[in-house]
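Visitor: Each position in the sequence shown, counted from 1, maps to that position plus 248 in this note's numbering.
Backbone N, C-alpha and C fix where the C-beta goes; we use that ideal spot for every residue, glycine too.
Keep in mind that this is a model prediction, so the values were computed, not measured.
There's a structure below that I have some questions on.
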Amino acid sequence: MYKKLGLMLFLGSMFVFMQAQERVVPIPFGDMNNWVTRKIHESGIIGGATKSVYAVGPTQTIEKNEAYENLGGSPWATSNVFAKVAGISKTNVSVFPEKRGDGYCARLETRYESVKVFGLVDIEVIAAGSLFTGSVHEPISGTKNPMRMLNMGIPFTEKPKALRFDYKIKMSGESDRVCSTGFSKKTKVKGTDYPVVVLLLQKRWEDGKGNIYAIRVGTMVLRYDKSTDWVNGATYPIHYGNITKEPFYVEEWMKIQDQERYSTNSKGKSVPVKEMGWGTANDMPTHMVLQFASSHGGAYIGSPGNAMWVDNVALVY
Numbered sequence: 249m250y251k252k253l254g255l256m257l258f259l260g261s262m263f264v265f266m267q268a269q270e271r272v273v274p275i276p277f278g279d280m281n282n283w284v285t286r287k288i289h290e291s292g293i294i295g296g297a298t299k300s301v302y303a304v305g306p307t308q309t310i311e312k313n314e315a316y317e318n319l320g321g322s323p324w325a326t327s328n329v330f331a332k333v334a335g336i337s338k339t340n341v342s343v344f345p346e347k348r349g350d351g352y353c354a355r356l357e358t359r360y361e362s363v364k365v366f367g368l369v370d371i372e373v374i375a376a377g378s379l380f381t382g383s384v385h386e387p388i389s390g391t392k393n394p395m396r397m398l399n400m401g402i403p404f405t406e407k408p409k410a411l412r413f414d415y416k417i418k419m420s421g422e423s424d425r426v427c428s429t430g431f432s433k434k435t436k437v438k439g440t441d442y443p444v445v446v447l448l449l450q451k452r453w454e455d456g457k458g459n460i461y462a463i464r465v466g467t468m469v470l471r472y473d474k475s476t477d478w479v480n481g482a483t484y485p486i487h488y489g490n491i492t493k494e495p496f497y498v499e500e501w502m503k504i505q506d507q508e509r510y511s512t513n514s515k516g517k518s519v520p521v522k523e524m525g526w527g528t529a530n531d532m533p534t535h536m537v538l539q540f541a542s543s544h545g546g547a548y549i550g551s552p553g554n555a556m557w558v559d560n561v562a563l564v565y
């Protein structure tokens, strides 16, 4: 009896010790309480409306049709963009601030974005809500290769043990996804649309020609397959080194070069980050890619109605 009691006390003290040792570091602006509101006036040919385009950063309002650069040290970019194609100003908004308690959270949603010329629907595309560490090259000048317009990842040289955040999920209920680029007929893409969270820690380097390469140091990938109410303090471990033999490894989600991501090189040019292989558990990262998205599968693919809410994003050490 006394041995069992002693063991219980020991385990309890270890739990308290481990909790005391845990260090939680909020990602700047990760509480989602501060938003920049950009008032963008769209061109008259497509209706001439003034749209609110939101960015995560120090609270302020900007009333100009101008390219946005991250303000106040915010590491966050979104799928909300200002585009100027053939002289026509247009916006896309799929990430919104939403009141939550005494503050705000981010709502990411997958929706149709339409362009009406002289009152007629001309282009309709699928726009997924995406919140990620990095920046966007504005104004967007076309729909070809949209990933090239995103500078994915921020400098980061630490090795946290986990990612922690609050979330809520709403699934569309559709069994398949839709591909709608605006320039061809809508098509069905087999498979349910899942909101996703991706965290990659990469060790990057650049060669003399400006090409950027990387090895994968840390990995954390999630897909959500059911609607939920708010889940607070959800904590997911970051796995280091080569994880291909681990029981949780899913090739489709976690493989090297799972998709093409871009970064700005030392010459100021947007180039693909060529992920070459797995690092070791002892390698130190140089960059962190963290993305929350209401859909998966690439640009212009998703199920309208999917939504993900995110709040209080932090790293655990």
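Where DSSP assigns a beta bridge to N399, which residues make up the other side?
Guide: On the sequence shown, residue 399 is found 151 positions in, with the first residue counted as 1. In the DSSP output, where bridge partners are listed per residue, N399 has S383.
Visitor: Given that a residue counts as buried once 16 or more other Cβ atoms are within 10 Å of its Cβ, and exposed if not, what is F344?
Guide: Taking the sequence shown and counting its residues from 1, one reaches residue 344 at position 96. Its Cβ being crowded by 16 or more others within 10 Å, F344 is buried.
Visitor: Around the Cβ of G382, are there at least 16 other Cβ atoms within 10 angstroms (buried) or fewer (exposed)?
Guide: Within the sequence shown, the letter at position 134 stands for residue 382. Under this definition G382 is a buried residue.
Visitor: Where in the segment 467-520 do unbroken runs of the alpha helix (DSSP H), each at least 4 residues long, occur, reported from the N-terminal end onward?
Guide: Those alpha helix (DSSP H) runs which fall completely within the segment 467-520 and span 4+ residues are 499-502.
Visitor: Between the alpha carbons of T339 and P495, how many angstroms are there, rounded?
Guide: Against the sequence shown, residue 339 aligns to sequence position 91. Against the sequence shown, residue 495 aligns to sequence position 247. In a straight line, the C-alpha of T339 is about 43 Å away from that of P495.
Visitor: Are there any heavy atoms of the ligand NAP lying less than 7 Å away from the beta-carbon of I504, as far as the coordinates show?
Guide: The ligand NAP is not among the ligands present in this structure, which contains no ligands whatsoever.
Visitor: Taking M536 as part of the beta strand (DSSP E), name the residues at either end of that continuous run.
Guide: The sequence position of residue 536 within the sequence shown is 288, counting from 1. 535-541 is the extent of the beta strand (DSSP E) around M536.
Visitor: Just the Cα atoms here: how many angstroms apart are K299 and P276?
Guide: As a working note, residue 299 is residue 51 in the sequence shown. As a working note, residue 276 is residue 28 in the sequence shown. Answer to the nearest angstrom: the Cα atoms are 26 Å apart.
Visitor: K364: which of S389, F404, A297, E357 sits nearest, CA to CA?
Guide: The residue labelled residue 364 in the question sits at position 116 within the sequence shown. Nearest of S389, F404, A297, E357 to K364, Cα basis: A297.
Visitor: Go ahead and label V498 buried or exposed: buried means 16 or more other beta carbons lie within 10 angstroms of its beta carbon, across all protein chains shown.
Guide: Translated into the one-based positions of the sequence shown, residue 498 becomes position 250. Label assigned to V498: exposed.
Visitor: For L563, which residues of its own chain have a beta-carbon under 7 Å away from its beta-carbon, when the five flanking residues on both sides are left out?
Guide: Walking along the sequence shown from the start, residue 563 turns up at place 315. Taken in chain order, the residues that qualify are V273, I275, P408, L411.
Visitor: Decide if the segment 439-450 is in contact with the segment 385-392; the criterion is three or more beta carbon pairs, one per stretch, under 8 Å apart.
Guide: no
Visitor: Using the three-state DSSP reduction, which class does I463 fall into: helix, strand or coil?
Guide: For the purposes of this step, residue 463 is taken as the residue at position 215 of the sequence shown. Of the three classes helix, strand and coil, the one that applies to I463 here is strand, per DSSP.
Visitor: Count the other C-beta atoms from every protein chain shown that fall within 10 angstroms of the C-beta of K530, then say buried if there are 16 or more, exposed otherwise.
Guide: Here the question's residue 530 lines up with position 282 in the sequence shown. Going by the sequence as given, residue 530 is Asn instead of Lys. By the Cβ-count criterion, N530 is exposed, with fewer than 16 other Cβ atoms from all chains shown falling within 10 Å of its own Cβ.
Visitor: Which residue from I486, H544, E422, S322 puts its Cα closest to that of E500?
Guide: Start at 1 with the first residue of the sequence shown, and residue 500 comes out as number 252. Considering only alpha carbons, the answer is H544.
Visitor: Hey, how far is the Cα of A462 from the Cα of G489?
Guide: Translated into positions along the sequence shown, residue 462 becomes position 214. Translated into positions along the sequence shown, residue 489 becomes position 241. Cα-Cα distance, rounded: 13 Å.
Visitor: Using a Cβ-Cβ cutoff of less than 6 Å, which residues in the same chain neighbour G466 once the five nearest sequence positions on both sides are dropped?
Guide: Within the sequence shown, numbered from 1, the residue matching residue 466 stands at position 218. Taking G466 as the centre and dropping the five residues before and after it, the same chain places the C-beta of L449, I486, Y488 closer than 6 Å to its C-beta, in chain order.
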